[in-house]
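Shown next, in structure tokens, is the structure this report addresses.
There are 2 protein chains.
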Amino acid sequence: MAGIKHLVMAKFKEGAAVEQLVLDMKKLALELDIVKSFEWGEDVMKNDKYSHGFTHTFILTFDSAEDVAAYIKHPRHVEYGKKFRAGTEKILAVDFPTVIDKIRTA
Amino acid sequence: MAGIKHLVMAKFKEGAAVEQLVLDMKKLALELDIVKSFEWGEDVMKNDKYSHGFTHTFILTFDSAEDVAAYIKHPRHVEYGKKFRAGTEKILAVDFPTVIDKIRTA
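Chains as they are written, first to last, in my numbering: chain E, 1 to 106; chain F, 1001 to 1106.
Encoded structure:
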């Protein structure tokens, strides 16, 4: 899916309400029209050498960098971000215009 | 796109042949049928606090964990992996079955 991806990875704190945090991010993505897609998953490789401790990956796709900026500044995201940061030991985030070189056709 | 994603992030070494390494990964993804999609991009947020120094993200999608394993072990990937590691200061990699909660419809 083209556009620009906002990719976030998390290492949650011991005892964090992970399921609720994921559910709330899903709700946020579904409620805001500027979020064009929301995909996520939990690492199954579980090799700290490569994961750097990050367990969850969240990928949100937007049409433009302006839409990512609007999402970041959105009051609903700001509110969610506080809860997310409180529950995480570390966060990784990058934004990248997506080059699609191969796409599933079947 | 459902399936399982093999996500790799890289911080390249100063002077690494980044364009060639990206091109070779694209070739690999195009040549191997088990790779269902290949998307990548370069971080534009450029905030080290969040990127942890990683500049490039590569997302390969497979149908199953078995296909990811076959890819990792494939001689062409093993050969490429040597060049990739030689050109990178650090690598992050996770594999995650993808939950798609929202998808672009227009």
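Backbone N, C-alpha and C fix where the C-beta goes; we use that ideal spot for every residue, glycine too.
Treat the numbers as computed from the prediction; the structure is a model and nothing was measured.
Spatial neighbours of residue i within its chain, please: CB distance less than 7 Å, with the 5 preceding and 5 following residues excluded, ordered by chain position.
{"i": "K1013(F)", "result": "G1087, T1088, E1089"}
{"i": "V131(E)", "result": "Since the first residue shown for chain E is 1 and the last is 106, residue 131(E) is missing from the structure and cannot be characterised."}
{"i": "P1097(F)", "result": "I1004"}
{"i": "K1036(F)", "result": "G1003, T1061, F1062, D1063"}
{"i": "G184(E)", "result": "It is not possible to answer for residue 184(E), since the shown part of chain E is limited to 1 through 106."}
So the candidates are the options; which of them puts its Cα closest to the Cα of residue i?
{"i": "M161(E)", "options": "F1054(F), A1010(F), A1065(F), K1102(F)", "result": "In the structure as shown, chain E starts at 1 and stops at 106, and residue 161(E) therefore has no counterpart that could be examined."}
{"i": "K1074(F)", "options": "R1104(F), K1083(F), G1041(F), I1034(F)", "result": "It should be pointed out that residue 1074(F) corresponds to His in this sequence rather than to Lys. It is I1034(F)."}
{"i": "H77(E)", "options": "D43(E), G41(E), L28(E), W40(E)", "result": "L28(E)"}
{"i": "D1048(F)", "options": "Y1071(F), V1018(F), K1011(F), V1099(F)", "result": "K1011(F)"}
{"i": "V99(E)", "options": "Y1080(F), K1026(F), G1015(F)", "result": "K1026(F)"}
{"i": "Y1080(F)", "options": "G1041(F), D1024(F), H1052(F)", "result": "D1024(F)"}
Just to confirm, is the Cβ distance from residue i to residue j under 8 Å?
{"i": "F38(E)", "j": "K1005(F)", "result": "no"}
{"i": "K83(E)", "j": "L21(E)", "result": "yes"}
By Cβ distance, which residues of its chain are closer than 6 Å to residue i, with the 5 residues on each side in sequence left out?
{"i": "M1009(F)", "result": "F1054, T1057, L1092"}
{"i": "I72(E)", "result": "none"}
{"i": "I1059(F)", "result": "K1005, L1007, E1039"}
Note down, in chain order, each residue of its chain lying with its Cβ closer than 8 Å to the Cβ of residue i, except the 5 sequence neighbours on either side.
{"i": "R1085(F)", "result": "I1091"}
{"i": "E19(E)", "result": "none"}
{"i": "A70(E)", "result": "I34"}
{"i": "A17(E)", "result": "G87"}
{"i": "S1051(F)", "result": "D1043, M1045"}
Examine the ligand FMN and report whether any of its heavy atoms sits within less than 7 Å of the Cβ of residue i.
{"i": "T1088(F)", "result": "Ligands in the displayed structure: none, and consequently the ligand FMN is not present."}
Near-chain F residues of the segment 73-93 of chain E (beta-carbon distance less than 9 Å), N- to C-terminal order:
K90, I91, L92, A93
Determine which residues of the segment 1035-1047 of chain F have a Cβ less than 7 Å from any Cβ of chain E, and write them out in chain order.
-> V1035, K1036, S1037, F1038, E1039, W1040, G1041, E1042, D1043, V1044, M1045
(message) Tell me which residues of the segment 17-30 of chain E have at least one Cβ-Cβ distance to chain F shorter than 7 Å, keeping chain order.
(response) K26, A29, L30
Note to self: Against chain E, which members of the segment 1047-1058 of chain F pass a CB distance test of less than 7 Å?
What the structure shows: Y1050, S1051, H1052, F1054, T1057
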